[in-house]
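Chemist: Please find one structure pasted underneath; my questions will follow.
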């Protein structure tokens, strides 16, 4: 279907949003460059005419091949003839007309993803042949790495990879720009931002030229602020007024805040494109104070996006059992939650003060329980709770990887809920049982004198599940580094989906796929995101590729080498100590050593079973249920299940209850919540509190600002390094840094592994999860460095001396 812009249907799924918006503006009297549009069926017709043989499952793997195929396509004569007729009409009115060809993809301008700048457009085309070539180039851009990566990252179905095309007369404007009819910096719907450049709009869009910026009050049209570079002159007030009025009317016609590309020629304002702003957030955030309890508390935003009903329910349920375990363990506080407009807020709740719990008594009871286990040669995690976890896991494995009945899906959900309950409720007692390391350390001190931290770490060292993961990652990185084609593929794109899809076509790729499948089997239920019910490794093994990438930059054999050296030293230390022990005490020493080895594993292994996997099995159970319901037509698609509650899912599985209307209402509410700007705190302003410490990396006037500041701590590795500081856990590091962290539980070190030269912990121990990684990777670390967070600043150059247990400031 090819038609004049003003005549096309307003069905976005046929011509694409960009074409439909322009048609609507034309019908409402706005100036839009004359032209016509090709529907997505024309794309299909051209592909069919050229025997396009690729399926959706080929798009990622063979995108370059597909792009090359499209470049050689011939346009059917029927389509060419219609295009020629429409171009002739434009030329009849302007014999010197040039043309613009713009993409209008079906997957553009969705509610929360615009895909702005992802697909190609071409302007200033001189003739019919250039127009036809540009049409094919636009189709090619559907299969660019940039487009496919965006589509995968935003979970847009590949079935939406179709495109309409807009062909228009090119307007060689004297002044152009991009306007946002609402301010997306301050999220102010009463401000309009008009960016203006000399010449055509594409120069601004691609960043070739700087612009003037006019901020306008939408209530009265007054210019509140303008920023005009020296190369541009200020626009007359009447021109600004004309632009403002035009764009305000565009917003009114299209009924939402708009991102508008425009140009002005001969005093006329032409709209080149208008799309809804997807990044605007509504500051109107109604709060239910009854849900929060006392407004004297400060509630902090837990996640920056709202939760769907099922995610919300499971998150709150999980934290309920976590808090229950904290209370039973005599922990001094827990996290309390409130849900406002789908966003979760949390505060630290002082248990003794608010719930009248005798925490000291509870801690004594727990200590007595652990001591009793110690006397029996048992560690709570490995000997009591892990068998319970493994029993549930083994039962759940029976449901994974096969099609389930409705009753089986319900059973799977029940087992997964039981796993969440047990893992979260036992968390604190498991953590406390790790303190047996200190019991054994004190025993060794009394029996043998000071052993030395390095030897003690070796003595109790054991290979954990997460050490096994790190060995997997190291081996996969080695496979990549030893293969030039694989290495080239890894550095050709940062899209994990594209790399993964193309592995089978690369020499050595099948071996890496085999390794990834082995990894996915062992770490199947590990979540790949930060929140409950995020996808798990089994669903998306390519999610591990960024972690492998970090290992590409470290010595491939350093991890296994460090482990082998540690195990050798372990045997040497053990043999040396056994020589010092009376025969009558050897069995006690070996029994206590065995328990200490179990305790050493707790930080890594409990992190695997609890922190990383607690909700992963429920994710798999819900996924299985969603496929049953979608296949039966009970829900529209598999994602709809996240708009039901747990009881509703079980009800619909067993009774086919019709929840479609409820799902639709909840989806609509959720989309409204996604457009809200959730404040980072509710209740009492946190600025009212005196926390008694300074912000990370900040220093007070009384501090030494020069060289020579020295701090001491406990070294986890006898090694010395110098370097610049990064305070806090970074998401990304551009250069090598020494990290300064509050403790060993504040992020994923593997995400920045290759750039970390050393670590300084204000609290923590070498037996924390991060401490274990640092030691295995040969990264020196100091623990218990009091004042580090306040005294050391970002970009300080320091020496971390793990031999003499100190940190020295070199320069600031």
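Residue numbers (the UniProt record's numbering): 1 to 812.
All C-beta atoms, glycine included, are put in the ideal place defined by N, C-alpha and C.
If you're wondering where the values come from, they're calculated on a predicted model, not measured in any experiment.
#1: Note down, in chain order, each residue of its chain lying with its Cβ closer than 7 Å to the Cβ of residue 126, except the 5 sequence neighbours on either side.
#2: Based on the DSSP output, what are the partners of residue 758 in its beta bridges?
#3: Would you give the residue range spanned by the beta strand (DSSP E) that residue 170 belongs to?
#4: With a threshold of 8 Å, are at least 3 pairs of Cβ atoms found where one atom belongs to the segment 714 to 729 and the other to the segment 771 to 785?
#5: In three-state DSSP terms, what is residue 50?
#6: Under 8 Å: do the segment 91 to 106 and the segment 166 to 177 share three or more Cβ pairs, one atom per stretch?
#7: Could you tell me which whole beta strand (DSSP E) segments of length 3 or greater appear in the segment 463 to 546?
#8: If we require 4 or more residues per run, which alpha helix (DSSP H) segments fall completely within the segment 591 to 632?
#9: With respect to the alpha helix (DSSP H) encompassing residue 415, which residues constitute its N-terminal and C-terminal limits?
#10: For residue 30, which of helix, strand or coil comes out of DSSP?
#11: Based on Cα-Cα distance, which residue from 646, 588, 70, 509 lies nearest to residue 485?
#12: Sorted by chain position, which residues of the same chain lie with C-beta nearer than 8 Å to residue 794's C-beta, five sequence neighbours on each side aside?
#13: Give the DSSP-derived three-state secondary structure of residue 273 in the structure shown.
#14: Please classify residue 85 as buried or exposed, where buried requires at least 16 other C-beta atoms within 10 Å of its C-beta.
#15: Take residue 420 as the anchor and find which of 278, 318, 196 has the nearest alpha-carbon.
#16: Find out if the Cβ-Cβ distance for the pair residue 82, residue 2 is shorter than 8 Å.
#17: Is residue 85 near the ligand NAP, judged by its Cβ being under 7 Å from some heavy atom?
#18: Using alpha carbons as the reference points, say which of 760, 682, 803, 802 lies closest to residue 790.
#19: Taking all protein chains shown into account, decide if residue 654 is buried (16 or more other Cβ within 10 angstroms of its Cβ) or exposed.
#20: Runs of 4 residues minimum, wholly inside the segment 116 to 157: which ones carry the alpha helix (DSSP H) assignment?
#21: Whole angstroms is fine: what's the gap from residue 758's alpha carbon to residue 587's?
#22: Measure the alpha-carbon distance for residue 243 versus residue 92 and round it to whole angstroms.
#23: Select from 673, 743, 729, 24 the residue whose C-alpha is nearest the C-alpha of residue 280.
#24: In the DSSP assignment, find the unbroken beta strand (DSSP E) run with residue 238 in it and report its ends.
#25: Tell whether a beta-carbon distance below 8 Å holds between residue 752 and residue 785.
#26: Report the option in 537, 768, 739, 766 whose CA atom is closest to the CA atom of residue 828.
#27: Which stretch, first to last residue, makes up the beta strand (DSSP E) that contains residue 212?
#28: What does the Cβ neighbour count give for residue 426, buried or exposed, with the cut at 16 atoms within 10 Å?
#29: Would the beta-carbon of residue 527 fall within 8 Å of that of residue 464?
#30: Within the same chain, show all residues whose beta-carbon is closer than 7 Å to that of residue 348, passing over the 5 residues directly before and after it, in chain order.
#31: Would a C-beta distance cut-off of 8 Å place residue 745 and residue 381 closer than the cut-off?
#32: Mapping the DSSP letters down to three states, classify residue 20 as helix, strand or coil.
#33: Check whether the segment 582 to 596 and the segment 392 to 401 are in contact - that is, three or more C-beta pairs closer than 8 Å.
#34: Helix, strand or coil: how does DSSP classify residue 680 here?
#35: So, does the segment 238 to 252 touch the segment 174 to 185, judging by three or more C-beta pairs under 8 Å?
#36: What are the start and end residues of the alpha helix (DSSP H) that includes residue 567?
Modeler: In brief:
#1: 98
#2: In DSSP, residue 758 forms a bridge with 738.
#3: Premise fails: residue 170 is in no beta strand (DSSP E) and is neither H nor E.
#4: yes
#5: DSSP places residue 50 in coil when its eight states are reduced to three.
#6: yes
#7: none
#8: 616 to 631
#9: 406 to 425
#10: coil
#11: 509
#12: 697, 725, 726, 727
#13: Secondary structure of residue 273 (DSSP, three-state): strand.
#14: exposed
#15: 318
#16: yes
#17: Absence of the ligand NAP is noted for the structure shown, with no ligands found whatsoever.
#18: 760
#19: Label assigned to residue 654: exposed.
#20: 128 to 141, 145 to 153
#21: 39 Å
#22: 30 Å
#23: 673
#24: First-last for residue 238: 237 to 254, but that is the alpha helix (DSSP H), not the beta strand (DSSP E).
#25: no
#26: In this structure the chain extends from 1 to 812, so residue 828 is not present and cannot be described.
#27: 212 to 217
#28: buried
#29: no
#30: 333, 335
#31: no
#32: helix
#33: No: fewer than three Cβ pairs fall under 8 Å.
#34: coil
#35: yes
#36: 558 to 580
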